[in-house]
Amino acid sequence: LSLKKLTKYFFFSTVGRQTSECTLWSNINSKPVFLVSGDEKFIVPPECAFIVGDVRLSRHLLFRGMKFDLIVLDPPWNNKSVKRCAVYDIFNEAVLFELRLRELLSSNGIVVLWLTNNSRVHSIAEQFLAHHSLRKLAVWYWLKVTRSGEVVCKFQPEHKVPFESIIIACDQNAVHSEYNFRDGYVVISTPSAVHSRKPPIAKLLSSLNIFSSKKTLELFGRYLLPFTTTIGFESVKLQNTRFFECTG
């Protein structure tokens, strides 16, 4: 696209090296921002914010009085495929217990936790819920299929299965009647070619008329969405223009 055409759709911004441990970057505009940082170029959606760094930096959002209707966590759980691909550093699961989720969650907000199918991970998830005084509302499943509709791999419970689990929870003191989550719901889609990229759960919940979030916090996120604050070491990775295809 030519610069003239780009200016119709984007604001432009250039940033230098991050000088603070915790810098909250935000796009408060109604149009995306075309962001240049060194040799890298990123597309930042409208009305979103992000921090590049440790998810425990989310505590700084409390000083701004920020609360969220939806908090999504997609931890890079340690498993054989992660170690084999060397995509992430080894994940310290203790981080999950150092977050201040209850303070960041609005009174009737919900927490969504993505899980692998490792029994140890599910055990940690139960400890996580108890530690943060969260009540499980439902467990959903993301079934991964090819473009032709076949599951991406065979069901081999002891090795690999073509689905991941999603725990949906709320504060243990929240009014149960405020929620309408059916247990065992299955989401079916073709996974991205990019490793470990999950479907945008906030958009899914809204499209199903189950839950609408005006303010979402995504921890361990790797891409940005409108009305969402994303925190993680790779929070803007998939916003890099190398992941986009220019047409026109």
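Residues in the sequence shown are numbered consecutively from 1428, following my numbering. All C-beta atoms, glycine included, are put in the ideal place defined by N, C-alpha and C.
- Boundaries of the beta strand (DSSP E) harbouring Lys-1563: 1561 to 1571, taken from the DSSP string.
- Around the C-beta of Asn-1607, fewer than 16 other C-beta atoms lie within 10 Å, and the residue is accordingly described as exposed.
- Residue burial annotation: Phe-1524 is exposed, with fewer than 16 other C-beta atoms found within 10 angstroms of its C-beta.
- Contact between the stretch 1647 to 1655 and the stretch 1545 to 1560 is absent: fewer than three C-beta pairs spanning the two stretches fall below 8 Å.
- Along the length of the stretch 1513 to 1545, whole beta strand (DSSP E) runs at least 3 residues long occupy 1532 to 1542, reported in chain order.
- Residue burial is scored here from C-beta neighbours: Ser-1560 has fewer than 16 other C-beta atoms within 10 angstroms and is therefore classed as exposed.
- In the structure shown, the three-state DSSP call for Ser-1592 is strand.
- Judged by their CB atoms, Val-1471 and Leu-1651 are nearer to each other than the 8 Å cut-off.
- Excluding five sequence positions before and after Phe-1647, the CB atoms of its chain that fall closer than 7 Å to its own CB belong to Val-1482, Leu-1500, Asp-1501, Pro-1502, Pro-1503 and Gly-1659, given in chain order.
- For the options Val-1614, Phe-1469 and Gly-1480, the alpha carbon positioned closest to that of Thr-1450 is the one of Gly-1480.
- When only Cα atoms are considered, Asn-1454 and Arg-1649 end up about 17 Å apart.
- Looking only at Ile-1595, Asp-1598, Glu-1577 and Lys-1642, the smallest Cα-Cα distance to Val-1588 is reached by Glu-1577.
- In this structure, the beta-carbon distance from Ser-1640 to Leu-1497 falls below 8 Å.
- Exposed is the label assigned to Val-1621, since fewer than 16 other Cβ atoms lie within 10 Å of its Cβ.
- Here Trp-1569 really is in contact with Val-1614; their C-beta atoms are around 5 Å apart, less than 8 Å.
- As computed with DSSP, Cys-1597 is found in a beta bridge with Ile-1537 and Arg-1562.
- Beyond the five residues adjoining it in sequence on each side, Thr-1573 comes within less than 7 Å, by CB distance, of Val-1579 and Thr-1617 in the same chain, given in chain order.
- DSSP places Ser-1633 inside the alpha helix (DSSP H), whose first and last residues are 1628 to 1634.
- If you look at Thr-1657, you'll find it in the beta strand (DSSP E) that goes 1655 to 1659.
- No Cβ-Cβ contact shorter than 8 Å links Trp-1541 with Tyr-1612.
- Residue nearest to Asn-1544 within the set His-1586, Glu-1661 and Asn-1535 is His-1586 (criterion: CA-CA distance).
- Residue Ile-1595 holds the alpha-carbon nearest to the alpha-carbon of Arg-1562 among Ile-1595, Glu-1591 and Arg-1624.
- Contact annotation: Asn-1667 and Glu-1467 have beta-carbon atoms nearer than 8 Å.
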